Every structure is written in structure tokens, then in C-alpha cells.
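Numbering-wise, the UniProt record's numbering puts 67 at position 67 of the sequence shown, and it's gapless, one number per residue.
Don't be surprised by glycine CBs; every beta carbon is placed ideally from N, CA and C.
If you're wondering where the values come from, they're calculated on a predicted model, not measured in any experiment.
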Amino acid sequence: MSDTRRRISVMVIGAGSGGRIIAQGLRKAGIRCTVFEQDASLYERSRDWNFGIYWSQTPLSECLPEEVQSKVITAQVDNIVPKADAYLPAFNGETGDLIHKIPTPHYLRLRRKEFVRVLGEGIDIQYSKRLVSVDATSGPGVLATFADGTQHTASLLIGAEGAHSPVREYLLGPQKGNLLYSPFVLSVTISRLPLDKALELSKLHPRSSTIFHPNGTFQWIGVHDGYDKPNIADYAFIFMTGWRQTGPLKFPDSKAIIADMKRRAEASAEPIRSIFGAIDDEAKAWSDYLPYWPTQGWEGHPARSKVTLVGDAAHPMTPHRGQGLNNAVLDCYELLKQIEAMPHPTADALRDAVMRYEEGMWKRGNEAVMRSFENSVAVHDWEMLKESPLFQQGLIHRDE
1 MSDTRRRISV
11 MVIGAGSGGR
21 IIAQGLRKAG
31 IRCTVFEQDA
41 SLYERSRDWN
51 FGIYWSQTPL
61 SECLPEEVQS
71 KVITAQVDNI
81 VPKADAYLPA
91 FNGETGDLIH
101 KIPTPHYLRL
111 RRKEFVRVLG
121 EGIDIQYSKR
131 LVSVDATSGP
141 GVLATFADGT
151 QHTASLLIGA
161 EGAHSPVREY
171 LLGPQKGNLL
181 YSPFVLSVTI
191 SRLPLDKALE
201 LSKLHPRSST
211 IFHPNGTFQW
221 IGVHDGYDKP
231 NIADYAFIFM
241 TGWRQTGPLK
251 FPDSKAIIAD
261 MKRRAEASAE
271 PIRSIFGAID
281 DEAKAWSDYL
291 PYWPTQGWEG
301 HPARSKVTLV
311 GDAAHPMTPH
321 RGQGLNNAVL
331 DCYELLKQIE
341 AMPHPTADAL
351 RDAVMRYEEG
361 MWKRGNEAVM
371 RSFENSVAVH
381 DWEMLKESPL
391 FQQGLIHRDE
């Protein structure tokens, strides 16, 4: 690392996908960076999920050192090699008919925890660090204070701590920065299946299938953990059920959530009905209204250019179009591109770079959130669904 690069430093709040990608990119650029995570470890929370990398594969590769990039493939849900003719099948839940093949060329489907583990190699992550305050106005840098009483100072603080972002609240205040909640509920569980049901699922598609019912129910079934497992009986599968609702959710525990998923699947055609019916009743499950937040700028905040956001902290969106991670990757790529283009590694040049990044991200983030929300509306409305971006464009296009 050159001495000039040591003049600036970055701290990242949140050790999820976005936080680790930006930290890897800064490491690659020779800029000091420390990541602070409130959890005690990557494995503190039992919940896991998976996500697709579609149009953001090239930006991701630009952010990661080669030794990390080469291992990303090992975080896949299975051993399927990315290929040009890949697609996600969409079925009519009422009839079981295949209604569309959504193009997903060369895409990766990644287990979140394994992807994050791979992204942690070689970067400085400090755990059990819950952020309690930020001071970006008392000195030339940014001072972060954590719940354990420790403090850290850097030239730039990046909030990457997900949808429930304290850094976003710091920049916009509790009202403007507060999450909105959609009228859409999503229940999720991960379970093994009996061999016969696992084989039936794989006949629909060897990786994932999405199901849209004319009654407004959304379902997703697919492989979650089958990488390097030769026997499909050993796979773990992910199941999702979504619907539109008003009023509070009344699920006291995982068993109640799974029972509701099975009940809703009774309206589905075979083999979808019996595949959902075979979910392990003892599996962990989660259910909640889906949050979102149309990105707003913080032009007038005195911390602007010294504190910024990436990923779900900047643009939390509903998941039905699969754009959350892809936009998080693009945030990291665009911010790193501006930082690497600095004529000199000074605090002033860094602030200019951050402002250029924000001007593009605010507009792009807002549009991505709103398009994802519009798609979520369509997913739960049969007539609208057929005209939605998901069906018209698939998952290969960036939100322009």
C-alpha cells in the first residue's frame, strides 16, 4: 500500500453482502477499511436465504480480489454451471401449467450465509459492535461510538447495515428515513423433502420455480443447499408463500407459519400442493410484511460526503423482482469507481467522489425501489402480472 493511500480510511457499518463487497473493493484499491457488525458472529442468527446475481456479475468481479472472486461459485445453491439459456420457470398455480420462462442468462443463485462467508476472507471485521452514535461535524473525520463504549474514527463512514439502518436514520431523521411497509406478506422456510417429493420438484426445474395463482398467491420453491451433495435426498429446499393482507399477522410460532403455507398450497395444482405439504413441520419459518423505502437524498445534511449508504440501507425494496443484491453490488462498484478515480487521495477528493456516487445512486435507487414495488403489486394481481417487467423483461435488465 502506498503512503498516500494511507491518508484516507473507511469504516463500514454492517457485515452483510454489501458491507463486505465494498470492504473487499477498498482492500483491492489499497485503502484502509474496517467493518463493524452488531452480531457476535456470522452464525448468530439462524435465518438464511438465497438470492440471484443477474446483470451485476461484471461489477461484482470488478470489486473483488481474484482470490475471493474465484470462490464465489462455491456459494451457489447447487452445482449447476451458469449458461446462456438459463431460465426461471413460472407456473400457473391453479392449473400447474408452465406459463413463462423468465430469462436468467449466466445467473448465479447464492446461499446468503456462504456468500457472506466467502466475502469475509482477508478483511478486518469487528463483531459485537452495535452503533449508537455518529459525529461527522466535530472534526475532520467521522467518529462512530459503539454500545460497548469503544470508538473509531475514519475519513468516511458507509452504512451497509440493511433495511433497518441507523445510519440512514442519522442522515434523514427518524421520519424521512423510516421504512414503509407494503401490504404484502411473505412467509419463508427451509426444509428437506422426502425423496419422492424432491424428485418431483426437480422435474419442475432442477433449481428453482416460481408459481403465480390467479387468487393472488405467490409461491417460490427451489434448492437452497445442494452444492457438492450428490444425493438430492440430502438437499435443503427453500419455500416462500406471499399474499396481500391488511391487519396484524397472527402466527405465534414457526409451526403456525408452516401450517398456513400448507393451507394456502391446498389451492395449488399438483405436484405443487403435495410438495408444500411435505415441508417439515418442525422447520424454522419466518413471516412478515415486506418493507421498502423509496430512496431520498440528504443534500442538506452536514455529514454529506463523510457519511453515505450502500445496499439495502440505501434502497430497501420488495424482493419479487430479485433486484436487491444486484443494486447493492452496483452501489459498491460505482462508489469504488469514483474513489479510484480521485486525482489525489485526500479528504477533499474523497468527499467529491462520494458526492458523485450519491447523485447517481439516489435516482437509481429510487427507481429500483419503485419498480420492484410495482412488480410486487403485479405479482399478487393476475391481470397485472402478465404486463409486469418481470414477464416482459425477465431478470436480466438493470432498472434504468
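Trp362 carries a helical assignment under DSSP once its states are collapsed to helix, strand and coil. When secondary structure is reduced to three states using DSSP, Asn178 falls in the coil class, being assigned neither helix nor strand. Taking one beta carbon from each stretch, the stretch 340-352 and the stretch 280-292 have fewer than 3 pairs nearer than 8 Å; the two do not touch. Annotation for Asn92: Ile99 place their beta carbon closer than 6 Å to its own, counting only its chain and skipping 5 residues before and after. Residue ranges of uninterrupted beta strand (DSSP E) with 3 or more members, entirely inside the stretch 192-270 and ordered along the chain, are 208-212, 218-225, 236-244. For the stretch 2-56, the continuous beta strand (DSSP E) assignments of 3+ residues that do not extend past its boundaries occur at 9-13, 32-36, 50-53, in sequence order. The C-alpha of Leu131 lies about 43 Å from the C-alpha of Ala84. Trp286 is positioned such that its CB atom lies closer than 8 Å to that of Arg47.
Cα atoms of Ser61 and Gly120: separation of roughly 15 Å, rounded to the nearest angstrom. Put simply, of Met261, Gln323, Thr74, Thr34 the residue whose alpha carbon is nearest the alpha carbon of Gly122 is Thr34. Under the 10 Å beta carbon count, Ser17 is surrounded by 16 or more other beta carbons and is classified as buried. Around the beta-carbon of Glu114, 16 or more other beta-carbon atoms lie within 10 Å, marking it buried. Look at Thr153 here: in three-state DSSP terms it is strand. Contact check for Leu335 and Val310: beta-carbon distance about 7 Å, within the 8 Å limit, so the pair qualifies.
Relative to the Cα of Lys176, the nearest Cα in the group Ile211, Pro166, Val185 belongs to Pro166. Excluding sequence positions up to five before and after Leu249, its CB lies within less than 8 Å of the CB of Val185, Ser287, Asp288, Tyr289, all in the same chain and listed in chain order.
Contact annotation: Ser128 and Ala15 have beta-carbon atoms that are not nearer than 8 Å. Ala136 and Arg20 have their alpha carbons spaced roughly 23 Å apart. According to the DSSP secondary-structure assignment, Ser287 is paired through a beta bridge with Ser187. The beta carbon of Lys255 sits closer than 7 Å to the beta carbons of Asp281 from its chain, once the five residues preceding and following it are set aside; these are given in chain order. In the three-state scheme derived from DSSP, where H, G and I count as helix and E and B as strand, Arg111 is classed as strand.
Taking Lys386 as reference, the option from Gly216, Ile279, Asp124, Gly30 with the minimal CA-CA separation is Gly216.
If you check the CB distance, Ala75 and Val118 come in under 8 Å.
Counting other Cβ atoms within 10 Å of its Cβ, Ala144 reaches 16 or more and is therefore classed as buried.
Comparing alpha carbon positions, the residue from Gly247, Gly365, Pro89 closest to Lys203 is Pro89.
Residue environment analysis places Thr246 among the exposed positions, since fewer than 16 neighbouring C-beta atoms fall within 10 angstroms of its C-beta. Using a Cβ distance threshold of 8 Å, Tyr87 and Lys101 count as a contacting pair.
When only Cα atoms are considered, Glu299 and Ile275 end up about 50 Å apart.
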